[in-house]
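To start, the structure itself, in structure tokens.
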Amino acid sequence: MYRRRVVITGIGMITPIGNSIKSNWYNLINGNSGINIIDTFNINKYKTKIAGLIKNFKYKDFIINKKKNIDLFIQYGLVACKEAIQNSGLLFNKNHNPRFGVSVGSGLGGINLIEKNSYILNRKGLKKISPFFFPSTILNMITGNISIKYKLTGPSLSISTACSSGMHNIGMAFKIISYNDADIMIAGASEKAVTPLSLGGFCAMKVLSKRNNQPKQASRPWDKDRDGFVIGDGAGILILEEYNHAKKRNANIFAEIIGFGMSNDAYHITSPSINGKGAQLSMLNALKDANINPEKIQYINAHGTSTILGDIAEANAIKIVFKNNYSKLFISSTKSITGHLLGAAGAIESIYSVLSLKNQIIPPTINLDHPDKNLNLDFVPNFSRDVNNMKYVLCNSFGFGGTNASLIFKKI
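Our numbering numbers the first residue of the sequence shown as -16 and each following residue consecutively.
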């Protein structure tokens, strides 16, 4: 069956290292960490006191028609979406756009306002619960708000697959355009994860770094002294467009999406198998979908969370999939700089992958001071690296429940 080509014509993001594409890219390639001590709620009783927080965010500065009653994860997504649409050059019909759709998700959804309304119920009573409670917290309300704002009446969905949510939303949007169900899709994910309940839950799981006295050194994928991941907030939005549709309007094309793969570990709710069998299958499925051999890939933006087992499993999976070619790969984890943005991670890291292709620069894995000797791969330690003729990049995103996703981008 004929499959239409899909390109990326707009990108927008907000992360712990910047509230725009420009500030994100500058801080990323210079290895400027966005991890700090949490100052948004009382952390005295928490063993982990650090996170990647959004800084200097004022919704009214970005969106004129302000909506105070929507959760921050929706606000972050709308701001990132506005930037993506602006640099895409798209103008939407004010009445309706049936060939334009939205696929934007989240891992946790509106947990911030869920917590606050639970507190109100217990302390102030039933009548004090906001009538905006559900419209401001339900996960698909981010897609609903984007669709309403820009009159997009095409395909509409919000996928939640834990930490691979962003990548699954992009991948499914890619498929929707490929098979002619839409010409343009707004895709990605957003997360407001740093809340008292969320932090408490992850602390209870003992998966977070406790390097509280060195926040900026806490996220250290593949380093032998890693002790867990660092939670963070953010949003990443991409404008996906059918190739001829983009060419016809002379759009600026950032890159092409050529492959999407999915799998499940079917092993454990939170831990991967040591050989990364699910990750292997996800990457192999993406390569099959792209119809390219593994040796074509030059850079992998890895999931690389800074957990003991996860980093080993992904490294082993890469070695198995890329066989004798793995020593030639550049591999880095941008989570070392931003922290782990949970459901938004795959969207953010897809944008970083696209910018790496466009600028021919590999972002670094910072804090890799003492590489795990059993993981002998080129993790681009501590400093970004200029490259030449890089044409293909693979991006991985894995989540609780064993869910995995991989995307392949091509320079165009």
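Beta carbons: idealized from backbone N, C-alpha and C, even for Gly. For clarity, every value in this text was computed on a predicted model and none was experimentally measured.
### Query
Candidates His353, Ile345, Arg(-14): which alpha carbon is nearest Asn163's?
Relative to Asn163, the option among His353, Ile345, Arg(-14) whose CA is nearest is Arg(-14).
### Task
Could you check the C-alpha separation between Asp369 and Ile0 for me, to the nearest Å?
21 angstroms
### Task
Pick helix, strand or coil for Val62, following the three-state DSSP scheme.
Annotated three-state conformation of Val62 is helix, per DSSP.
### Task
Tell whether a beta-carbon distance below 9 angstroms holds between Val(-10) and Ala229.
yes
### Query
Between Ile303 and Pro118, what straight-line distance do the alpha-carbon atoms span, to the nearest angstrom?
The C-alpha of Ile303 lies about 45 angstroms from the C-alpha of Pro118.
### Stretch pair the segment 119 to 127 + the segment 198 to 212: three plus CB contacts closer than 8 angstroms
Judged by Cβ distances under 8 angstroms, the segment 119 to 127 makes no contact with the segment 198 to 212, as fewer than three pairs qualify.
### Message
At the level of alpha carbons, what is the spacing between Gly329 and Gly149?
### Response
5 angstroms
### Query
Going by DSSP, what residues sit across from Asn387 in a beta bridge?
Ser246, Phe381
### Message
For Glu278, report the span of its beta strand (DSSP E) as first-last.
### Response
Glu278 -> no beta strand (DSSP E), and no H or E assigned at all.
### Query
What's the C-alpha gap between Asn76 and Thr136?
11 angstroms
#### Entry: Strand pairing of Ala238, partner residues [DSSP]
Ile(-9)
#### Entry: Sequence-distant residues of the same chain with beta carbon closer than 6 angstroms to Gly17, five excluded per side
Pro(-1), Ile0, Gly35, Thr321
### Query
With burial defined as no fewer than 16 other Cβ atoms inside 10 Å of the residue's Cβ, what is the status of Thr317: buried or exposed?
buried
### Message
By alpha-carbon positions, which one of Phe366, Ile344, Leu358, Asn342 ends up nearest to Asn350?
### Response
Phe366
### Task
For the alpha helix (DSSP H) holding Ser119, just list the boundary residues, first then last.
116 to 120
### Task
In angstroms with no decimal places, state the Cα-to-Cα distance between Asn276 and Leu270.
7 angstroms
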